[in-house]
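Please read the structure below before turning to the comments.
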Amino acid sequence: GDSVTQMEGPVTLSEEAFLTINCTYTATGYPSLFWYVQYPGEGLQLLLKATKADDKGSNKGFEATYRKETTSFHLEKGSVQVSDSAVYFCALSDGRDTGRRALTFGSGTRLQVQP
Amino acid sequence: NAGVTQTPKFQVLKTGQSMTLQCAQDMNHEYMSWYRQDPGMGLRLIHYSVGAGITDQGEVPNGYNVSRSTTEDFPLRLLSAAPSQTSVYFCASSLRGGRETQYFGPGTRLLVL
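Chains as they are written, first to last, in this note's numbering: chain A, 236 to 350; chain B, 247 to 359.
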């Protein structure tokens, strides 16, 4: 079945450092790929997404490129802020029309940004 | 719009008790789903619904029931709570699921003693 693998956390960075959170996936068909963010005490919210190979999703300074050849969707940000401290989830949606239409999530990566 | 709302925010149950977690959305979304979040395991799908009157099982359905009598509401019932059901539960909705953005509620934290 489909699966998503994320790097283990927590990731601890100083403010203005460069961020990379690795995400690779296994899926049949042509999935869409997502990054969701969970701030402390809140539900998940969409950060960015890409629906086909070579698409780049971007939002709030974060970027991720859908790489079909390496089955990856790594999240990057050039300069992190304390307010970026959160848990980040990589996810995919089934590219086949199976009816379930649900998301498959990675285990999440906690980011801690220190001033 | 209130978006996706969930009640209660926190609940403590004893083993064997039953309860219903409420979920409602005001965005006229067809697709709704329930996930549980456990440390180190991400979110796992419990049940989902593609429209009123239609529900189906997800990855971890045992011990849970759902119904979808209206577009807006999608309650999750725990029939006989077990300590293994201690978790954080999230409800989500989207227009049709799949490639579309899913909107999550704030979550219900459940502790089963």
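Even for Gly, the Cβ is constructed at its ideal location relative to N, Cα and C.
From a predicted model like this one, the values you see are computed outputs, not experimental measurements.
Between the CA atoms of residue j and residue i - distance to the nearest angstrom
| i | j | result |
| --- | --- | --- |
| E251 (chain A) | P321 (chain B) | 43 Å |
| G260 (chain A) | T247 (chain A) | The question names Gly, but residue 260 (chain A) in the sequence shown is Tyr. C-alpha separation (whole angstroms): 24 Å. |
| Q260 (chain B) | S326 (chain B) | Reading off the sequence, residue 260 (chain B) comes out as Lys, not Gln. Looking at the two C-alpha atoms, the distance is approximately 9 Å. |
| T360 (chain B) | Y335 (chain B) | Absent from the structure is residue 360 (chain B), since the part of chain B shown begins at 247 and ends at 359. |
| W280 (chain B) | A328 (chain B) | 18 Å |
| T286 (chain A) | L310 (chain A) | 15 Å |
| A288 (chain A) | T306 (chain A) | 9 Å |
| Q263 (chain B) | L359 (chain B) | 10 Å |
Minimum C-alpha distance to residue i - residue among the options
| i | options | result |
| --- | --- | --- |
| Y310 (chain B) | B:G353, B:V296 and B:S330 | B:S330 |
| G343 (chain B) | B:G351, B:H275, B:T332 and B:Q271 | B:H275 |
| Y274 (chain A) | A:S320, A:D329 and A:V348 | A:S320 |
| D290 (chain A) | A:L282, A:L279, A:S267 and A:G278 | A:S267 |
| R355 (chain B) | B:S313, B:P285, B:A248 and B:T301 | B:P285 |
| L281 (chain A) | A:G313, A:Q347, A:D237 and A:V322 | A:V322 |
| G264 (chain A) | A:D329, A:Q347 and A:R336 | A:D329 |
Contacting residues, own chain, Cβ-Cβ under 6 Å from residue i (five flanking each side not counted)
| i | result |
| --- | --- |
| G244 (chain A) | T344 and R345 |
| L357 (chain B) | V258 and T332 |
CB of residue i within 8 Å of CB of residue j, strictly
| i | j | result |
| --- | --- | --- |
| G292 (chain A) | K303 (chain A) | no |
| M273 (chain B) | C337 (chain B) | no |
| A326 (chain A) | F253 (chain A) | no |
| S339 (chain B) | Q271 (chain B) | yes |
| T251 (chain B) | G353 (chain B) | no |
Chain-order list of residues whose beta-carbon lies under 8 Å from that of residue i (same chain, five-residue window excluded)
| i | result |
| --- | --- |
| S315 (chain B) | A298 and G299 |
| S295 (chain B) | Y277, M278, S279, T301, D302, V312, R314 and F320 |
Sequence-distant residues of the same chain with beta carbon closer than 7 Å to residue i, five excluded per side
| i | result |
| --- | --- |
| V239 (chain A) | C258, Y260, C325, A326, L327, T339, F340 and G341 |
| P350 (chain A) | E250 and V317 |
| P254 (chain B) | T354 |
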